[in-house]
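I have placed the structure first, in the form of structure tokens, so that the comments after it can refer back to it.
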Amino acid sequence: MAEPERGLLREALGEAVARLPDGRDLAVVQIGKSEIFLWKVYRDSLGVPRTKRRTVLPAAGEACQPLEGIVYDILDNVRESHALFAVEDSARGSAPWKVLDGLRGSGRALRDFVCPAPFVDLLREVLAEDPLTRMYELVTLRRTPGGGAEMQTTPLFPVGAQRGETTPLTLRFVSGPPGPPALALVASAQHAQAFGLLSVLSGPVESGVHTVTAELVRPGRVRFEGLPAPLAEDPRSWNELVSCLPERLEPAARPRTEHLVCAVETSVPAADPERLKERIARVRQLLAGLADAPDAPRVSLLSYGSHRFAWGVPEQEPPVWCWEGGPEDALERLDRLAARGPQTQTPQRAAEVECALAVIGDRLERSDGTGRTTLLFVGERPPFPRRNQVSGLLPCPRRRDWRLLADDLRERRGAGFAAICDDHDEEDPPEFWTEFSDGPLFGLDAVDLGALRAALGLSTSARGLPFPLVETE
Amino acid sequence: MAAQRETEGSKANIVMWGAPTCGKTTFLAALSIALGRQSEGWKVIGANDQSTRALVTLTTQLSDGVFPKASGAVIEHYRWRLVGQELRRGGWKSLFRRSPVGVQFGLDLADLGGEGYSPRRLTQKELIDDLVNSRGIVFLFDPVREFEKGDAFEYLFGVLSHLSQHFLENPEFSSGLLPHHLAICITKFDELRVLETAEKLGLTQPDEEEHFPRVDDGDDARELFEKLCEVSASGYGGMILNTLEQYFAPERTRYFVTSAIGFHVDPRLGYDPDDHQNVMTDEKGFTRIRGTVRPVNVMEPLLWLGRRLGKK
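Chains A and B, in that order, are what the protein sequence lines are. Heads up, this note's numbering is the position in the first sequence plus 37, with the first residue counted as 1. Heads up, this note's numbering is the position in the second sequence plus 64, with the first residue counted as 1.
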């Protein structure tokens, strides 16, 4: 069989499949040496070309129908369809060949091609190269401003994309119970809101950022390269996957914290001198739980009070009690901090949060430590402003801006932020601390240590995420 | 020839006028400090024991960072004298030459409690009499109070109506205008909202020595006054300016943007536009002055009034 003839059939078949509208069939009659198959090519609800095969002429050894009956049967089946006839080279001179003669003599215009056997291989190739009639997208997650998780889709291949095209992706996987993260592929028609689920793959993936390449293998199938282990079909239902989505994304989505910085406000209301002890107790609880852990983070401890604005008295920077020590070091320094006692709050309704951030930033700049740093502030009052305010609150004497300092720590150092606030009211959370914290805000009176550890990126049993997060950095 | 001239009679009195908590007492307390900061030789001296004691007490309190207690319904009469020198032309021999001449202005200041001007208390003849017998008025307009309470017009209109009644048969009132000279002082210039309004209007200029902002007396100050009246809580603020201009002759009226305590100036760094607030709450929760008192436009309205009254 000459290649040009095979090429003609391939071209005609590819063109016919590409033009195949939803809800219609393409009939292909395969005439072989001893059998005749009737193929129906159609698109499923997601636009993927599919086939059905019916045997028209039984294989040798079975009872033969009259030739005319076979011809009528075929013509009857292709009446409503676009039809092509593929005649395998080996069929020359055989009984099926005579059927072809009968079809040619029927008066119907036929498009018949001779092709090398087996025809089925050629059909598979054509279907695999069929351009996409739907856009293919990956189900991913994104962080919401409120600290939650929201599902979205990340485009992979546009309509018209063909086999072999690739799309690079940077995805953050968060592995953990109840199951591995899944790569769910969906198809959507142009100008349509509805998605159809094409496939869900999953496999063992370590938490962290992975560079993945999505490759279109054929319509309906996408291969993901770059992951450490091969992916397999995920047995979970869609509802099961979606139900794994946590209300809050950050705790589980963060990489593990390797440096925990605790900053404790030492100024307390005159009427409540015990407040500092409570703040210290919460930090102590947290650190005591880390002390025996083999993967305990480095711990730093600062305290901060309020600017005094006293004439002739220079303002001091917030003292650092311990820097990148172990939890035990920090616990011992906490005792010293407790022994020093509190500072009575000034009428200035602010504390040196901004100066504590500046000191932390400065220390981190000089630090050789690696890994993620997370800041835990324990206190009540918001920072001093950068400049005059209508409220009458005096600006920080060093003109520091907590937002700039915090943004710098976030962007350049990748630091995380968490807070335990004295007067945390779920209904009416303190505006500043809500903005300050990446995740949930904790109240001083009742701290859920498990949740706090998770928020600080210290928990080893953080729940996994059912879908990957898209990294925008 | 007498080199010294003293205004005589109660008609030379200067009365301070304004709503409660508009800063009258602090304004008076700042006067001595303001004079102490200028180098033109002006000073304020008490004319009797009671006034001298009041002068010392008010000045000491303010320089200690404490806001003097605002006068209540009681009328405080301070018989003070503003003593200084002015360059004046002498007789025919010195027709083209100006020589320093010792001058005294009588500042018989009646610091009336704001409530004293309330329409509810206007039957108190003594209060109206003080205004009737004066020819110089310092009208203090507190833009912060006007923004929050908006009662300046209430305090203004009733008083002007009764004053006008007293002058109805007076030939001085033939033009329908009161015979007083009026210094309209927009107070609390150091307050952020007031300063920012002036800055947005482009009315501020840096002080030549201290670099903190100032607003020129006269038209610029009037423009700021008009703008601040627009944001009155009561919606009647816009009527304040019109009413004042209906009762007082424009040539006898001048506008001043003032601050009794002034802006915070760091002794090392100087004035910082990001940190100019000179009021803070102390450890006991009392509002007090943060740094040194640097009055802005406190003596100027009084000197202007004194000079205008002295020329009559």
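In this text, a Cβ means the ideal position worked out from N, Cα and C, and glycines have one as well.
Coil, strand or helix - residue i by DSSP
i: G326 of chain A; result: helix
i: Q385 of chain A; result: coil
i: H461 of chain A; result: coil
i: A247 of chain B; result: strand
i: S314 of chain A; result: First, the residue type needs correcting, since residue 314 of chain A is Lys and not Ser in the sequence shown. Helix.
i: I353 of chain B; result: strand
i: R200 of chain A; result: coil
i: V165 of chain B; result: strand
i: I201 of chain B; result: strand
i: D194 of chain B; result: helix
i: L264 of chain A; result: coil
i: L412 of chain A; result: strand
i: P151 of chain A; result: Note on identity: in this sequence residue 151 of chain A is Val, with Pro being the wrong assignment. Correct three-state label for V151 of chain A: strand.
i: G139 of chain A; result: helix
i: Y396 of chain B; result: Residue coverage of chain B in this structure runs from 65 to 376, which leaves residue 396 of chain B outside it and unanswerable.
i: R435 of chain A; result: coil
i: R145 of chain B; result: strand
i: R321 of chain A; result: helix
i: F320 of chain B; result: strand
i: Q114 of chain B; result: helix
i: G51 of chain A; result: helix
i: S74 of chain B; result: With a pLDDT of 48 at S74 of chain B, under the threshold of 50, the modelled position of this residue cannot be trusted, and the question is left open.
i: S298 of chain B; result: coil
Counterpart residues of residue i in DSSP-defined beta bridges
i: S225 of chain A; result: A:M172 and A:F232
i: R335 of chain A; result: A:H296
i: H247 of chain A; result: A:L208
i: M344 of chain B; result: B:R352
i: V66 of chain A; result: A:L75 and A:F122
Beta-carbon gap between residue i and residue j smaller than 8 Å
i: I97 of chain B; j: V357 of chain B; result: yes
i: L95 of chain B; j: M363 of chain B; result: yes
i: T90 of chain B; j: P132 of chain B; result: yes
i: K70 of chain A; j: A128 of chain A; result: yes
i: A300 of chain A; j: F414 of chain A; result: yes
i: V167 of chain B; j: I109 of chain B; result: no
i: E354 of chain A; j: C392 of chain A; result: yes
i: T294 of chain A; j: L495 of chain A; result: yes
i: T381 of chain A; j: A307 of chain A; result: yes
i: A455 of chain A; j: D475 of chain A; result: yes
i: L278 of chain A; j: P58 of chain A; result: no
i: G129 of chain B; j: R352 of chain B; result: yes
i: A262 of chain B; j: F320 of chain B; result: no
i: L267 of chain B; j: E287 of chain B; result: yes
i: Q199 of chain A; j: P218 of chain A; result: no
i: V237 of chain A; j: D271 of chain A; result: yes
i: I68 of chain A; j: E125 of chain A; result: yes
i: L175 of chain A; j: L220 of chain A; result: yes
Neighbour-count burial assignment, residue i, 16 or more Cβ in a 10 Å radius
i: A186 of chain A; result: buried
i: R209 of chain A; result: buried
i: P164 of chain B; result: exposed
i: K252 of chain B; result: buried
i: R319 of chain A; result: buried
i: L338 of chain A; result: buried
i: P420 of chain A; result: buried
i: Q310 of chain B; result: exposed
i: L234 of chain A; result: exposed
i: G326 of chain B; result: buried
i: V202 of chain B; result: buried
i: F350 of chain B; result: exposed
i: E255 of chain B; result: buried
i: V136 of chain A; result: buried
i: T410 of chain A; result: buried
i: V93 of chain A; result: buried
i: T383 of chain A; result: buried
i: S274 of chain A; result: exposed
i: D194 of chain B; result: buried
i: G114 of chain B; result: Note that residue 114 of chain B is Gln in the sequence shown, not Gly. Exposed, because fewer than 16 other Cβ atoms sit within 10 Å of the Cβ of Q114 of chain B.
CB-CB length for residue i against residue j, believed under 8 Å
i: T177 of chain A; j: T191 of chain A; result: 5 Å
i: D482 of chain A; j: R312 of chain A; result: Between R312 of chain A and D482 of chain A the Cβ distance is about 11 Å, and since that is not below 8 Å, they are no contact.
i: L323 of chain A; j: P334 of chain A; result: The Cβ separation is near 11 Å, so there is no contact.
i: I250 of chain B; j: T322 of chain B; result: 7 Å
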